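Data block below; observations after.
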Amino acid sequence: MTVKRMQRDLLAMSETEYDLVVIGGGIFGACAAWDAVLRGWSVALVEKGDFCGGTSANSFKIVHGGIRYLQHGDLFRLRSSCHERSALLRIAPHLVHPLPIVIPTYGRGKQSKGFLGAGMLLYDALTLDRNRGIRDPARHIPLTRFWDQHRTLEAFPDLPGKNLSGAAIFYDGQMYNPTRLVLAFLKSAVGQGAQIANYVEAIRFATEGNRVTGIHANDVRTGNALQIRARAVLNAAGTWGERLLNRACGRTVAEPGPYSRDACFVLRRRFSSEYALAVQGRTHDPDALLSRPARHLFLVPWRGHTLVGVWHKVYSTGPDEVNVSAEELRSFIEEINWAYPALNISLDEVTMWNAGLVPFGENEPGSENLRYGKRSRVIDHEKTDGLRNLVTLIGIRYTMGRSDAAKAVDLVGRKLGRIAARPATDRIPLHGGDIADFSRLVREIASAGMEPDTAEALAHNHGTACDQVLGLGHRERALLTCLPGSTVTEAEIVHAIRSEMALTLSDIVFRRTDLATGGHPGNAALERCADIAARELGWSPMQRRREIAQVLSGIPDFQSRDDGSGIAREEKQ
72 MTVKRMQRDL LAMSETEYDL VVIGGGIFGA CAAWDAVLRG WSVALVEKGD FCGGTSANSF
132 KIVHGGIRYL QHGDLFRLRS SCHERSALLR IAPHLVHPLP IVIPTYGRGK QSKGFLGAGM
192 LLYDALTLDR NRGIRDPARH IPLTRFWDQH RTLEAFPDLP GKNLSGAAIF YDGQMYNPTR
252 LVLAFLKSAV GQGAQIANYV EAIRFATEGN RVTGIHANDV RTGNALQIRA RAVLNAAGTW
312 GERLLNRACG RTVAEPGPYS RDACFVLRRR FSSEYALAVQ GRTHDPDALL SRPARHLFLV
372 PWRGHTLVGV WHKVYSTGPD EVNVSAEELR SFIEEINWAY PALNISLDEV TMWNAGLVPF
432 GENEPGSENL RYGKRSRVID HEKTDGLRNL VTLIGIRYTM GRSDAAKAVD LVGRKLGRIA
492 ARPATDRIPL HGGDIADFSR LVREIASAGM EPDTAEALAH NHGTACDQVL GLGHRERALL
552 TCLPGSTVTE AEIVHAIRSE MALTLSDIVF RRTDLATGGH PGNAALERCA DIAARELGWS
612 PMQRRREIAQ VLSGIPDFQS RDDGSGIARE EKQ
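The working numbering applies: residue 72 is where the sequence shown begins, and numbers increase by one.
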């Protein structure tokens, strides 16, 4: 795959006519750009904030294989999800890996090992092809396993033991870093000729009669206006998409649908077990044909932390105002402590919360047991609004980004009269993802004198493209130094700025590196990162202070701000 730097060239964008311009730099937009450029199209992509700065960055980091759709009797979604999980394990094995999940079983009936195990074994039978084409055996999804009571309590000794019969263990996928996965799609697209830019906001559509011919946009950094011409436009702006449509068209084109704020939080505590644990919360799924007594909440090991979630809430406030208050976090903590009393989690253990909006099912006002949204929406605006060559994709699950984007690009292709077979994006390795043995890659990086944990983090975030980062260090050895208390090297910060279009300190610490994705990295690390960025980007001392303040506004501090107010973080734009 061609190695190209991500360069923000707005002049070139304004002087080129593209086959397709994509609005939105989350997982759905990134996948669409990659798919379209592989079809031989000229492609531009713009994002009003930073790439992967919204819902995509704030997922629970699970790549769902569709097991929960078994209880809905929805075999199509089950098979589709399993296919997409397998695809990500094939094309990005550095960023997606198997995650074992333990579900304790109790007594008889729907909480029993027999009931749960029968469903899991049926799932195994329906997904026998799940490891096809995955080169690294360590990325294969194993079959269901069962534990007795003794083995279950060995792993989780504080579980309530009354009527505990053991556990069933199934495997799903976990993302090491959702933002780096979006970047892998974008860098792959750039390598094939796509032009992309962050901090460029689409304001309205350019039209000739009833035909959309591009977009009028605004450079958020400078305030300058630009026009990007294209034969077709794909609106993949997620939950911002409907607002964009109505503003861009000057009339109500799309009524906002129901959205769920999906929220989780990060604990600094890491449990001794390598397994994730599912416990039953207080709500149930009203759409399930066969279900256990309540929906599951999950405690998931993730990069030295524990992720806890997910909580759903019908959300009528706009996507720019997504937040989670301290009071809401208290209620989340109270529920998880109720489900697993020995945890005894407290608010001051929370280092970060994540929340984003996704399309939801139809629910009555005040409903406690909420219906999930089922499928992404692809809208042909020629049919709905008389606007030719405009398509909207509102995605529902990060896992389905590749597949749903392909469907939207198929529709664009029909409009352009460019019908062709879909590219094999479920098999073509992404940027850095051509890996047959991830452990060997880690050993090779470590053999150059790097600490094992630093080598592993570098291999996860960059895969085989880590040579681009290491090359900076070879030219200037000091850049291979890690920031204090971190596995992030100074070379990664320089690389993020020079080659990955990082323009702010928040871009670097939240979306290009591991530095603050799990919480505050420590003052020394943050200050050093700001020093490097200031040198590379020419910040004044005042700008450097503003950048640090912006980062700190994105990191919750409930010990000093325990007033129940929402903490609207910068990365939630």
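Virtual Cβ for every residue (Gly too), placed ideally from N, Cα, C.
Being a predicted model, the structure only gives us computed values, none of them experimental.
Reduced DSSP category for residue i - H, G, I as helix; E, B as strand; rest coil
i, result
"arginine 485", "helix"
"proline 329", "coil"
"isoleucine 579", "helix"
"proline 249", "helix"
"serine 236", "strand"
"glycine 204", "coil"
"tryptophan 424", "strand"
"tryptophan 409", "helix"
"leucine 230", "coil"
"asparagine 289", "strand"
"cysteine 553", "strand"
"aspartate 219", "strand"
"glutamine 614", "helix"
"glutamate 522", "coil"
"tryptophan 105", "helix"
"histidine 168", "strand"
"threonine 278", "strand"
"cysteine 153", "helix"
"cysteine 335", "strand"
Pick from the options that is closest to residue i, judged by C-alpha positions
i, options, result
"glycine 188", "Ser236, Leu316, Lys132", "Ser236"
"glycine 625", "Ser85, Ala103, Gly125, Cys102", "Gly125"
"glutamate 420", "Ala268, Arg340, Gly100", "Arg340"
"histidine 168", "Tyr194, Cys123, Tyr242, Ser152", "Tyr242"
"leucine 461", "Leu428, His452, Lys181", "His452"
"tryptophan 424", "Leu554, Gly544, Gly520, Gly589", "Gly589"
"isoleucine 205", "Arg156, Pro372, Phe217, Glu515", "Arg156"
"valine 253", "Gln263, Asp121, Ile506", "Asp121"
"alanine 507", "Pro208, Ser331, Arg617", "Pro208"
"glycine 380", "Asn129, Ile212, His531", "Asn129"
"isoleucine 174", "Val429, Arg222, Asp481", "Arg222"
"aspartate 80", "Ala196, Leu487, Thr250, Val271", "Val271"
"leucine 428", "Glu399, Val393, Ala530, Arg292", "Val393"
"alanine 595", "Ser577, Ser557, Ile138", "Ser557"
"aspartate 195", "Met572, Pro592, Leu146", "Leu146"
"alanine 288", "Leu82, Gly593, Arg606, Thr552", "Leu82"
Residue i classed as buried or exposed, judged by whether at least 16 other C-beta atoms fall within 10 angstroms
i, result
"threonine 455", "exposed"
"alanine 107", "buried"
"alanine 528", "buried"
"lysine 258", "buried"
"isoleucine 490", "exposed"
"tryptophan 218", "buried"
"arginine 498", "exposed"
"lysine 184", "buried"
"tryptophan 409", "exposed"
"threonine 388", "exposed"
"leucine 193", "exposed"
"leucine 543", "buried"
"alanine 620", "exposed"
"methionine 521", "buried"
"asparagine 248", "buried"
Pair within 8 Å by beta-carbon distance, residue i and residue j
i, j, result
"alanine 265", "alanine 104", "yes"
"alanine 115", "isoleucine 404", "no"
"tyrosine 89", "serine 113", "yes"
"isoleucine 94", "alanine 255", "no"
"arginine 583", "alanine 601", "no"
"alanine 347", "proline 494", "no"
"threonine 496", "leucine 109", "yes"
"arginine 448", "proline 430", "yes"
"valine 395", "alanine 334", "yes"
"leucine 586", "valine 580", "yes"
"leucine 305", "serine 85", "no"
"isoleucine 212", "leucine 338", "no"
"isoleucine 516", "isoleucine 564", "no"
"valine 513", "alanine 530", "yes"
Closer than 8 Å to chain B by CB, residue i
i, result
"alanine 519", "The displayed structure is made up of one protein chain only, and chain B is not part of it."
Chain-order list of residues whose beta-carbon lies under 8 Å from that of residue i (same chain, five-residue window excluded)
i, result
"serine 570", "Arg76, Met77, Gln539"
"proline 228", "none"
Chain-order list of residues whose beta-carbon lies under 7 Å from that of residue i (same chain, five-residue window excluded)
i, result
"leucine 458", "Asn281, Val283, His452"
"threonine 470", "Val134, His135, Ser152, Glu155, Arg156"
"valine 483", "Leu91, Ala303, Leu305, Val462"
Residues of its chain near residue i, where Cβ-Cβ distance is below 6 Å and the 5 sequence neighbours each way are ignored
i, result
"alanine 101", "Val253, Phe256, Leu257"
"tryptophan 311", "Pro390"
"tryptophan 382", "Ala334, Phe403"
"lysine 119", "Glu272"
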